[in-house]
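A quick write-up on the structure given underneath.
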């Protein structure tokens, strides 16, 4: 759904290292090219396995480093293993996760956000 700040928000179900699940809300960010960002505190809570150190350039050309972790999420009704960047305070859904899908946003407070796999 589109929230009062005009952010497209989707619900995701994550699975931690010990099989525990956590439902979260994440903002769709078409400017983010990765799969998913998660706050470091949530990464720690789910005990997600460390994969590697990632690097990115911000809009002001500053380079930042962050930890990348493996996570399983329910996507298209099936478990999917992806990488999550541990950064920020708000989970973000990026373009790699949306790859192969259509995104429809009914822009306006309370509007629907629909992500559908392409056939």
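Numbering (the working numbering), first residue to last: 34 to 152. Beta carbons: idealized from backbone N, C-alpha and C, even for Gly. All of these numbers come straight from a predicted model, not from anything done at the bench.
- A direct Cα-Cα distance of roughly 17 Å separates residue 146 from residue 123.
- The shortest CA-to-CA distance from residue 89 to any of 81, 134, 70 and 150 is the one to 70.
- Residue burial is scored here from C-beta neighbours: residue 86 has fewer than 16 other C-beta atoms within 10 angstroms and is therefore classed as exposed.
- Residue 58 has 44 as its beta-bridge partners, per DSSP.
- Here residue 87 is bridged, per DSSP, to 99.
- Where residue 112 is concerned, the enclosing beta strand (DSSP E) starts and stops at 111–119.
- Going by C-alpha positions, residue 82 is about 23 Å away from residue 110.
- Per DSSP, residue 81 lies in no alpha helix (DSSP H) and is assigned neither H nor E.
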